[in-house]
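Taken in order, the sequence shown gives residues 17 to 224; the numbers are from this note's numbering.
Have a look at the structure below before the remarks.
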Amino acid sequence: MALVLCGFLCLASAHADEELGGARLKPGSVLRGHFVQERSLQGFQAPLRSEGSFIVAEGKGLIWRVEKPFATVTVITPAGLVQSAQGTETLRLPAARIPFIAHFYEMLSGTMTGDLKSLTEQFDVKQTGTASDWSLELTPKSTAENTSSDQQNMPIQRLDLAGDQYVKSVAIYRQNGDRDQLIFADQHLDTDPLSAEEAALLAGSGDK
């Protein structure tokens with residue numbers, strides 16, 4: 017789950033209240049891009065670096081491919097989460113058996129599209145800047161406001177996002193002192209259909 021909590025923040029266009037600015041994902045559209053992720057862990061002097069590509073298919077899910085240093089693929093949809101390495105499945109979390117996955121996907125989708133309407137249920141949101149140069153600070157709501165077990169088990173202390181038309185960077189601060197920094201590049205909207213392989217990955221994330 018640690019990898020997923022880092023990976024769920026590849027991002028598209030942003031809009032707060034109504035919009036922060038830029039284009040937003042429309043039904044049938046796909047956001048593609050690349051990422052660099054650095055994880056600073058307690059007890060490690062140097063951050064752990066990985067890089068790869070991502071695909072966000074509106075209404076369908078996320079494909080997060082780590083290409084370096086080791087090839088892994090994580091797929092997250094409303095039906096669940098599947099992770100594989102070198103073609104072998106290593107993790108499967110169906111939403112039907114683990115309800116948190118459904119909430120996790122909602123949070124994922126809201127962060128990826130900058131859609132604050134789906135984030136304000138779980139986070140307090142502080143917005144600064146303009147539509148062309150903005151930043152967001154997200155902090156989990158206190159248990160006094162949200163007493164669900166999912167909220168109380170939230171491992172994230174704070175999220176810092178920055179961007180313009182697209183989210184350019186995300187910093188994830190965890191309760192245990194670990195930190196993740198993600199930088200996104202080469203983001204573009206693609207109206208062409210998903211490939212057969214991509215569609216199969218997204219369709220296969222549920223229970224078996």
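We treat Cβ as the ideally placed atom computed from N, Cα and C, and that holds for glycine.
In chain order, what residues of the same chain have a beta carbon less than 6 Å from the beta carbon of residue i, not counting five sequence neighbours either side?
i: Ala-187; result: Asp-176 and Gln-197
i: Arg-174; result: Thr-155 and Tyr-189
i: Leu-78; result: Val-72 and Ile-92
i: Lys-142; result: Glu-153
i: Thr-88; result: Val-82 and Ala-101
i: Gly-44; result: none
i: Ser-185; result: Ala-178 and Ile-199
Where residue i and residue j are concerned, what is the direct C-alpha to C-alpha distance, given to the nearest angstrom?
i: Ala-147; j: Phe-86; result: 37 Å
i: Gly-38; j: Ser-151; result: Because Gly-38 sits at a pLDDT of 46, beneath the cut-off of 50, its placement in the model cannot be relied upon, and the point is left open.
i: Leu-57; j: Tyr-182; result: 27 Å
i: Leu-72; j: Gly-193; result: The residue you asked about is not Leu; residue 72 is Val in the sequence shown. Taking the straight line from one Cα to the other gives about 29 Å.
i: Thr-144; j: Gly-103; result: 43 Å
i: Arg-55; j: Pro-94; result: 26 Å
i: Thr-136; j: Ser-158; result: 12 Å
i: Thr-202; j: Gly-49; result: For the sequence presented, residue 202 should be read as Asp rather than Thr. Going by the C-alpha atoms only, they are around 5 Å apart.
i: Leu-47; j: Lys-76; result: 12 Å
i: Gln-191; j: Ala-212; result: 39 Å
i: Ser-221; j: Leu-210; result: 16 Å
i: Glu-214; j: Glu-67; result: 19 Å
i: Leu-107; j: Arg-65; result: 22 Å
i: Gly-59; j: Arg-195; result: 12 Å
i: Ala-219; j: Lys-84; result: 25 Å
Let's test the definition: count the other Cβ atoms within 10 Å of the Cβ of residue i and tell me whether it reaches 16, buried, or not, exposed.
i: Gln-53; result: buried
i: Phe-200; result: buried
i: Phe-51; result: buried
i: Leu-217; result: buried
i: Ser-164; result: In this prediction, Ser-164 has a pLDDT of 48, which is less than 50 and means its spatial position is unreliable; nothing more can be read from the coordinates.
i: Ala-62; result: exposed
Ordered along the chain, which non-local residues of its own chain (more than five positions away) have a Cβ less than 7 Å from that of residue i?
i: Glu-105; result: Val-98
i: Asp-149; result: Asp-180
Helix, strand or coil for residue i? Go by DSSP, reduced to three states.
i: Ala-212; result: helix
i: Leu-57; result: coil
i: Ala-112; result: coil
i: Ala-101; result: strand
i: Gly-38; result: Only weak support exists for where Gly-38 lies, its pLDDT of 46 falling under 50; the coordinates are left without a value.
Check whether chain B comes within 9 Å of residue i, counting only Cβ atoms and requiring the distance to be less than that.
i: Asp-180; result: Protein chain content of the structure displayed is limited to a single chain, and chain B is not contained in it.
Tell me which residues share the same chain as residue i and place their Cβ nearer than 8 Å to its Cβ, disregarding the 5 neighbours each side in the sequence.
i: His-204; result: Leu-47, Arg-48 and Gly-49
i: Ala-160; result: Model confidence at Ala-160 stands at a pLDDT of 45, short of 50, so the residue's coordinates are unreliable and nothing is read from them.
i: Thr-207; result: Gly-44, Ser-45 and Val-46
With a threshold of 8 Å (Cβ to nearest heavy atom), would residue i be considered close to the ligand FAD?
i: Lys-157; result: Of ligands this structure carries none, so the ligand FAD is not represented either.
Fill in: Whole beta strand (DSSP E) elements within the region 135-204, 3-residue minimum
139-146, 149-156, 172-179 and 183-190
Worksheet item: At what residue ranges does the region 61-89 contain a whole run of the alpha helix (DSSP H), taking only runs of 4 or more?
Response: none
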